[in-house]
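What follows is a set of notes on a single structure, which appears directly below.
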Amino acid sequence: MSHAVMQSLLAAIVVVPLLGAVAALLPAPPGLKGKSPDQAVLRHGVTVSGVILALSIALAAGFDHDHPARMQATTDVGWIPALGIRLHLGVDGVSLPLLVLTALLTFLCALYSYAHMPAGPSPKAFVALLLVLESGTLATFAVLDLVLFFLAFEMVLIPMYFLIARWGGGQKERAAWKFILYTLLGSVVMLLGLLLIGVKGGTFDMVALATDNGSKLSHTTQLLAVLAIGVGLAVKAPMWPLHSWLPDAHTAAPTAGSVLLAGVLLKMGTYGFVRIVLPVAPDGARAFAPYLAAFAVVGIVYGSLACLALARTGAGGDLKRLIAYSSVGHMGFVLLGIATLTPTGVNGALFANIAHGLITGLLFFLVGAVKDRYGTSDLDQLAGQGGAALYGRAPRLGGLLAFGAVASLGLPGLAGFWGEMLALFGAFRPADGLSRPAFLTFMAIAAVGTLLTAAYMLVVVRRVCMGERRPEPAAGSGGAPPLLAVPDVHTYEFAAWTPLVALTVLAGLWPAALLGLTDPAVQQLLRGGA
Amino acid sequence: MSSLVQSVDWLAIAPPTITAVVALAVLVADLFLPDGKKGALGWLAIGGLVLAGLSLLPLLDGDRSTFCLTSGAEACSYTADHFALVIQFLVLGGALLTALLSINSITDLKLPAGEFWFLLLSSAAGAALLPAARDLATLVIALEVASLPAFALVGLRRGDRLSSEAALKFFLSSVTATAVMLLGVSFVYAATGSLHLTQIAEGLTHVDPRLHVLAQAGVALTLVGFAFKTAAVPFHFWVPDTYVGAPLPVAAYLSVVGKAVGFSGLILVTVVAFPSYGRVWGPALAVLAALTMTAGNVAALRQRPDRTHSAVRLLAWSSVAQAGYLLVPIASAAYTADSSGGAAHAVGSTVAYALMYAAVNLGAFAVAALVARTSPANRVADYRGLSARRPLAALALAFFLLCLAGLPPGIIGLFAKVTVFSAAVDAGLGWLAVVMAVNVVIALYYYLQWTAVLFRAPEGAPAAEGAPGPVPTAAHPEGVPGAVPTSAHPEGVPAPVSAVAQEPEPAKAKIPATLTAAIGLAAVLGIALSGAPQLVLRFASGVLL
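Protein sequences, first through last, are from chains A and B.
Here the first sequence is numbered in the numbering used here, starting from -5 and rising by one per residue.
Here the second sequence is numbered in the numbering used here, starting from 299 and rising by one per residue.
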């Protein structure tokens, strides 16, 4: 495809969701009124996000796969000459998979919500916010200017805040407030770091800064910048101990919100590490890598232990909270991979990013479905004394949940395996200048983390999927007395989940498809230059 | 001897002159208009402000000056350079928005129309004169012309104890500051022998060593007067009470135009007149800026949302904090004065920030005025659920608050802060930059909290917080403004629920067109600037002065 077509494709991917969001607030045009205004606007959401998905697939198809390290579909227009800020867009092998993932997950969420709108105020605002969220996320992965990156990074906060606060459940306003405070404080600190780099490096352009590879930044500047930017990104990722907003936000968020939060929003943090921290301030990254790795490993173990605690009988653990904590663990692997500063590790991190988006997105869909059916996601109420017996009552749902759990614990042959394995490989032989014994220790601890992950995931499967199909209601099992009448997977649920399952298997069996894209780009980012 | 007569370039002085002439015309017209037709005065005033604004157009080259000395050195008392034009635009635009806000308040609060418009226009005339003034006498006169009517405006709510108290507080502290400043001016005159800013600048470079202390004291004391106008710490105590006591549009006017007067005067004296004393006023202003923003933000943070007038108080304290940000580049100018264009760059950051602040803050006050029509107590808690009652007003206020906070989608707010920030960094004032960053974070909290309140479910929905705040809100049914004594809000008064249910319907009925216009204008400005920040940020690249 010609450059101009690619250019307009990428620009459209960022802009069309915004236009769609505005259009969602306007009354539907005559031919598209649908059965009711609500239905019309939800359909509008599906249409727009579907168009974006189609555009992003077209972009991926037109992408020159022989040169994934080169920035493609670039647009570079001046915006604020006074500050030297430019509208610079482009994709390479690192950002392309994330773009497609975002478009896919948003489309699936819109589809799911079309059939199953979360309880709350008017769907109009819901669809508009969803599309703004999509635009912000896509922009984060597409922009190549530090200040624009910050703007896009911030743009997702407000829609996510409202999605949680208006359409969520439980302690929704408190959770939404905590979410926005944490991420905002983090990103203000990040802005300081970005400005520092911009002022000292003489430009906000990521490509130019990556080409300089930190040569214009003094060691102190790099340390300060990496610290500041790292804190902002680490809150988003989230890295232990800055993760405490995540479980609350996930527990309160509606299904679509949880899926997008885990599936793509967290990736913005790790993407920032790869795109900005590693190439722009390599000295700073090297100085902080061991600490990042240490925190990441603590996060892995902490997340797994928290999940184990939640999964125990009688702990009153919430399934959504459990999966949120498991995200902390999985993102720990991603951060560990990045901290190794090796191509292997970073590739693993990027792979684990995508895998986590697919698998955890699927898990949140499934848990949302379970919650809808049982009216609760409290593990004890669900499972009662023996188990929720999902295999018996809703075999397909049970099977899918077991699939998601198994994929999440990193079964070879599924997507979850490769990323974590590569991250561990990276830690086995970290970049020059990093302490190998330290990283070997980290690797060993992280490996224990994978065992713990397997343990709690299997506990969850046992308690939710297995159990006897007893006719009498178990004590405190929450639902209506005819417990056996649990509807199995609906058509719309199949439609929303099948792509995720298929891609999980595909990525597990054919990792080269993804690694072939990311590897050249990662090599180049680590070497310096773009 | 004819050389003593200075030539007058009437076109150059048109903006303040037109404003002053229209002010007099309004005063005279007030005598002849019957009571029923006083509304025409407001439109006359608005017309005058628009005309004055249009008279800036022929001056855009920025190369005119008048009232120049006819003998000796070249020095002019009035210069319409780019700096003066931008500030005049800000002042006249701010006054115009204030006028749009006021038209309804005058009838609602039963203010005397003729007096109000005369005072507003006089003050605006003074404020428009000040940025163009280039000698200390003109500066002082302009400052007083801008301030004296403001005292009366604050106290214009007859029979209102709060209003008179506010006016008195404002008057006394302001007069003290003026006296101190006059003392400083006389010291400077004694040390340099001139009142013209450029000549003072020259004279200060070779002051008689015996007069050195005098000159330094003069410089410091002169700054005090302007620091008062910008409401910098420690001259900020009058702000919250004055804003609460004054009619809301007047508070808006003071927060924008009053501040513009203060900081443009400050820029003129520091950068133009006292550049060689940068080591005296630079650190002083830097410390002042840090204290001001911290004091303002901490006080704003401590406002309880269910206190009466907490919304206006919050805006008042936030305006104190914003004054702190405005001072940062001026302080930086002291450190960058040696490099070519460094000071102009720094001053431009202040101007860019002020333009952003003017549009956004007036917008916030406009929405506050809108809400005040239905809930006179104007507590932050009254804004709960505004998004359900008036979605557009809520969106506008949210946008304004986010601009003030400097968060996307308030992009212009963010970039204005970035320019101020970079001015501090360029000047090597790293510590000030850090203080500012901390303050921006503090401010985020209360701006966001208020924004979040706008979108909370209206009272009546199951509120998890269980705060008593929202309950008394319901006790102000529509159409009975002022029926509830603002000072007596026993918390937890059982609300007449039936009244709540019917309340929103009549509320929809009438929003005055002028108020809508004011909010719309401010919102359009803010959005346009967010899309193309270069419009104001180009001033930061040092094309002024």
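Ideal placement from N, C-alpha and C gives every residue a C-beta, glycine not left out.
- The Cβ atoms of V9 of chain A and L125 of chain A do not sit closer than 8 angstroms to each other.
- In this structure, the straight-line span from the alpha carbon of A109 of chain A to that of R367 of chain A is close to 15 angstroms.
- Straight-line spacing of the CA atoms in T492 of chain A and V88 of chain A works out to 25 angstroms.
- For the region 674 to 695 of chain B, the set of residues with a beta-carbon nearer than 7 angstroms to any beta-carbon of chain A is empty.
- Taking 8 angstroms as the threshold, the shortest C-beta distance from E128 of chain A to chain B does not fall below it.
- Under a 10 Å Cβ-count criterion, Y285 of chain A is classified as exposed, with fewer than 16 other Cβ atoms of the shown protein chains found around its own Cβ.
- CA-to-CA, the gap between S685 of chain B and V517 of chain B works out to about 50 angstroms.
- The beta carbon of L227 of chain A sits closer than 6 angstroms to those of G263, G266, F267, all from its chain and outside the five residues before and after it, given in chain order.
- For I740 of chain B, the uninterrupted alpha helix (DSSP H) run begins and ends at 728 to 753, by DSSP.
- Listed in chain order, the alpha helix (DSSP H) elements of length 4 or more contained wholly in the region 257 to 339 of chain A are 260 to 266, 276 to 305, 313 to 333.
- The three-state secondary structure of G84 of chain A, taken from DSSP, is strand.
- Under the Cβ distance rule, T717 of chain B counts among the residues neighbouring chain A, one pair being separated by less than 8 angstroms.
- Take L47 of chain A, set aside five residues on each side of it, and the residues of its chain with a beta-carbon closer than 7 angstroms to its own are A97, L98, F101, in chain order.
- H82 of chain A and A838 of chain B have their C-alpha atoms roughly 23 angstroms apart.
- Under the DSSP definition of a beta bridge, D372 of chain A partners with A:D312.
- In the DSSP secondary-structure assignment, S363 of chain B is bridged to B:T377.
- With a beta-carbon spacing of about 13 angstroms, L521 of chain B and V570 of chain B fall beyond the 8 angstroms limit used to define contacts.
- For the 8 angstroms CB-CB criterion, G563 of chain B and L394 of chain B do not form a contact.
- Burial check for E462 of chain A: the Cβ neighbour count within 10 Å stays below 16, so the residue is exposed.
- In terms of beta-carbon proximity, V225 of chain A stays away from the interface with chain B, with every pair separated by 8 angstroms or more.
- Between I817 of chain B and G661 of chain B, the C-beta spacing is below 8 angstroms.
- The bridge partners DSSP lists for I74 of chain A are A:I79.
- Counting only Cβ-Cβ distances below 7 angstroms, Q832 of chain B has contacts in chain A at I74, P75, A76, in chain order.
- For H504 of chain B, the secondary structure class from DSSP, reduced to helix, strand or coil, is coil.
- In the DSSP assignment, M460 of chain A falls outside any alpha helix (DSSP H) and carries neither an H nor an E.
- Pairing V618 of chain B with A558 of chain B, the inter-Cα distance amounts to about 13 angstroms.
- Boundaries of the alpha helix (DSSP H) harbouring W341 of chain B: 337 to 352, taken from the DSSP string.
- The Cβ neighbour count for T377 of chain B, taken over all protein chains shown within 10 Å, is at least 16; the residue is labelled buried.
- A straight-line Cα-Cα distance of about 36 angstroms links L391 of chain A and L13 of chain A.
- DSSP lists A:L83 as the bridge partner or partners of T69 of chain A.
- From the listed residues A:R423, A:S2, A:P115, the smallest Cα separation to T69 of chain A is found for A:S2.
- Contact between T317 of chain B and L347 of chain B holds: CB atoms are separated by about 7 angstroms, below the 8 angstroms threshold.
- According to the DSSP assignment, Q518 of chain A belongs to the alpha helix (DSSP H) that extends over 506 to 521.
- Within the region 132 to 153 of chain A, the residues whose Cβ lies closer than 7 angstroms to any Cβ of chain B are, in chain order, L145, E148, M149.
- By the C-beta density criterion, V326 of chain B is exposed, having fewer than 16 other C-beta atoms within 10 angstroms.
- In its chain, beyond the 5 residues on either side, L3 have a beta carbon closer than 7 angstroms to the beta carbon of A52 of chain A.
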